[in-house]
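Reminder that position 237 of the first sequence reads as 237 in UniProt numbering, one-by-one numbering, no gaps.
Note that beta-carbon positions come from the ideal geometry of N, C-alpha and C, so glycine has one too.
Since the model is a prediction, treat every value here as computed from it, not as a measurement.
Right, one structure below, let's go through it.
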Amino acid sequence: MRDLSEELLAWYDVNARTMPWRVDPVDSKAGKRPDPYFIWMSEVMLQQTTVAAVKEYFRKFTTIWPTVHDLAAAEDADVMAAWAGLGYYARARNLLKCARVVVNDHGGAFPDSYDTLLTLPGVGPYTAAAVASIAFNRKATVLDGNVERVMARMHDIHDPLPGVKPVLMQYAETFTPNGRAGDYAQAVMDLGATICTPKNPACGICPWRDPCAARVAGTAAELPKKTPKKKTPIRLGYVYVARRDDGAWLLETRPEKGLLGGMLAFPSSDWSDDPTPDPPIDTEWIDSGYEARHTFTHFHLRLKIMTADVANPTSPDRGHFVNHNEFSPTALPTAMRKVFDLIPRRDATIENKAR
DNA sequence: CACGCGTGGAA
DNA sequence: TTTCCAAGCGT
């Protein structure tokens, strides 16, 4: 394979996207490296998440916790609350674990080798390669969804993902240059994000237009092939919103493992085809008539919102009351935020009623 | 290795 | 409205 990285890097020098954690290619070529903590933070946030969604969270996290030492010393609940809304909450739990490992086992400095990075919590093959190359300019090959797509098209590969992934990795490694490792990694991902897009790829302005086998074959837009996924089922459930007469809210911290693990939430029943009512307090519950709808990765959820007013004191069977002035709905994951937004209020209108 | 795991934007 | 999907990881 002829060395095509030069063309791509020349394209990147002109077209590099601007991101809060990124060092401009001009500065990068002059030897400037970004803060490994920032690169690691951004890469974890970017896992299965768009750049647009990440920017605001990146700014928030690096403002509150400017160094890995600050993050390692943070309270778990504060980190989970700050992550609320970004999704895939295991990332937040592993982010904190990883910060503590870096501080306790690595003297507060991120390791610069792929193999050692790979041992860190929440750091897999992609993130290890991204941090090694972008933060430390070490030769490593990133293989994310963008690179998979670019490689499948460059070689006109019609075998479906994820099975063909090892083959795509081999091609990706062949393309990876010895110099400018970080810039190259970002360049190939930028290419996938802006030119070699999933739909309507802009082959006409692609720096790899000429050597691209799929463009020649006219198959670029239909690659990469993927094994079909089954459709998402609908699950039902009851969610319980109890309000104490002093204004306190009944909330619970969900178990570490599983859906919305470690996140603050209103208590609820099981979520299934036929959920069993499971109120967290033995009291009179009122069906609000509202239903919160939310779609997770693998199912649609409809939660019937039950409400109750209780006296102070009241001991719930599970969960705990949080004082009104200490409760911020921004700390809730989006599914629960939707519940909060639907709770009957004076200004609620009949139009909000679920059908 | 297949699956569980969020969310919001685009088409 | 529905589907697809975005810089994956852990089990």
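Comparing C-alpha distances from P344 to each of A308, A128, T119, E7 shows the shortest one belongs to A308.
Check the Cα spacing between V26 and each of L168, V14, P20: the tightest is with V14. For D287, the enclosing beta strand (DSSP E) covers residues 286-295. Looking only at V164, H158, R138, the smallest Cα-Cα distance to G182 is reached by R138. Burial of G192 is indicated by the presence of at least 16 other C-beta atoms within 10 angstroms of its C-beta. The beta carbons of A331 and A84 sit about 5 Å from each other, so the pair counts as a contact at 8 Å. Residue environment for T232: exposed (fewer than 16 other C-beta atoms within 10 angstroms of its C-beta).
Between the alpha carbons of K257 and M45 lies a distance of about 19 Å.
Here D270 is near T276, since their CB atoms are less than 8 Å apart. Taking every protein chain shown into account, the CB of G107 has fewer than 16 other CB atoms within 10 angstroms, so this residue is exposed.
E7 is a Cβ neighbour of P207, given a cutoff of 8 Å. Beta-bridge annotation (DSSP): M306 is paired with Y240, D287. Ranked by Cα distance from L96, the first of D112, V79, L86, N325 is V79. In terms of Cα proximity to V142, the closest of H155, D159, L118, I157 is L118. F327 carries a coil assignment under DSSP once its states are collapsed to helix, strand and coil.
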